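The structure appears right after this line, and notes come after that.
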């Protein structure tokens, strides 16, 4: 965690990242399944670091999400996966300005 970042705010921000991954990315189609609410938690931390510490672009985050789905989850690399990755990345980058860092 970056110096000075409020732990409570960081947790809230990570929860928002989690929501975006489930709502906009969801490569395995488990949105709405209560038991799968934590399905993408392994990726939340890295995405949050990319957003807040690395100031990654939407394209870089989309590439990361696409790589996770295609190469680690074994999802076929197709146009829908690229679209979902890009949509989620754009939503995540849009959140960045609202994430408080105090």
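Numbering (our numbering), first residue to last: 1350 to 1451. Backbone N, C-alpha and C fix where the C-beta goes; we use that ideal spot for every residue, glycine too. Note that the structure is predicted; figures quoted are calculated from it, not measured.
Do you know how far the Cα of residue 1355 is from the Cα of residue 1422?
-> Those two C-alpha atoms are separated by around 33 Å.
Please work out which residues of its chain come closer than 6 Å, Cβ to Cβ, to residue 1442, disregarding the five sequence neighbours upstream and downstream, and give them in chain order.
-> Cβ neighbours of residue 1442 within its own chain (closer than 6 Å, five residues either side excluded): 1407.
Burial state of residue 1393, where buried means 16 or more other Cβ atoms lie within 10 Å | Result: buried.
Beta-carbon proximity list for residue 1379, same chain, < 7 Å, skipping 5 on both sides | The residues are 1385, 1388.
Helix or strand or just coil, what does DSSP make of residue 1374?
-> In the displayed model, residue 1374 falls within a helix according to three-state DSSP.
Look up residue 1355 in the DSSP assignment and say whether it is helix, strand or coil.
-> Residue state, collapsed to three classes: coil.
Going by other Cβ atoms of all chains shown within 10 Å of its Cβ, with 16 needed for buried, is residue 1446 buried or exposed?
-> Looking at its Cβ environment, which holds fewer than 16 other Cβ atoms inside 10 Å, residue 1446 is exposed.
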